[in-house]
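Residue 381 is where the sequence shown starts when you use this note's numbering, and the numbers rise one by one after that.
Quick reminder that beta carbons are idealized off the backbone N, C-alpha and C, glycines included.
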Amino acid sequence: MLYILYGEDDFSLQEWLSELKEGADVQVLAVEKLTLGELLRIGGTLPFLAPRRLVIVEGLLSRFEPRGQSLE
381 MLYILYGEDD FSLQEWLSEL KEGADVQVLA VEKLTLGELL RIGGTLPFLA PRRLVIVEGL
441 LSRFEPRGQS LE
């Protein structure tokens, strides 16, 4: 399952993210140092001592924004 959290309401985003984290094996990644191969390998890893796995990639959408341009 894939969730993309995006928006200006940081409070609601953090609340929802906290709910997703409950009871999950959580790993947070920085997009600047991440390759597609690493993401696929990490995403395919089974959870450790938890019923599910949650991989958070911070700043992923910024990689797809044209340089020097903003959607706003």
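Over the uninterrupted alpha helix (DSSP H) stretch that includes residue 421, give me the two end residues. From DSSP, the alpha helix (DSSP H) with residue 421 extends over 416 to 423.
Are the segment 415 to 424 and the segment 389 to 402 touching, with three or more C-beta to C-beta distances below 8 Å? The answer is no - the segment 389 to 402 does not touch the segment 415 to 424, with fewer than three Cβ pairs under 8 Å.
I'd like the span of the beta strand (DSSP E) that includes residue 438, first residue to last. Start and end: 432 to 438.
Continuous beta strand (DSSP E) stretch holding residue 400: start and end: Looking at the DSSP string, residue 400 is not in any beta strand (DSSP E); the run it does join, the alpha helix (DSSP H), is 390 to 401.
Can you grab the Cα-Cα spacing for the pair residue 442 / residue 409, in whole Å? Spanning the two alpha carbons is a distance of roughly 14 Å.
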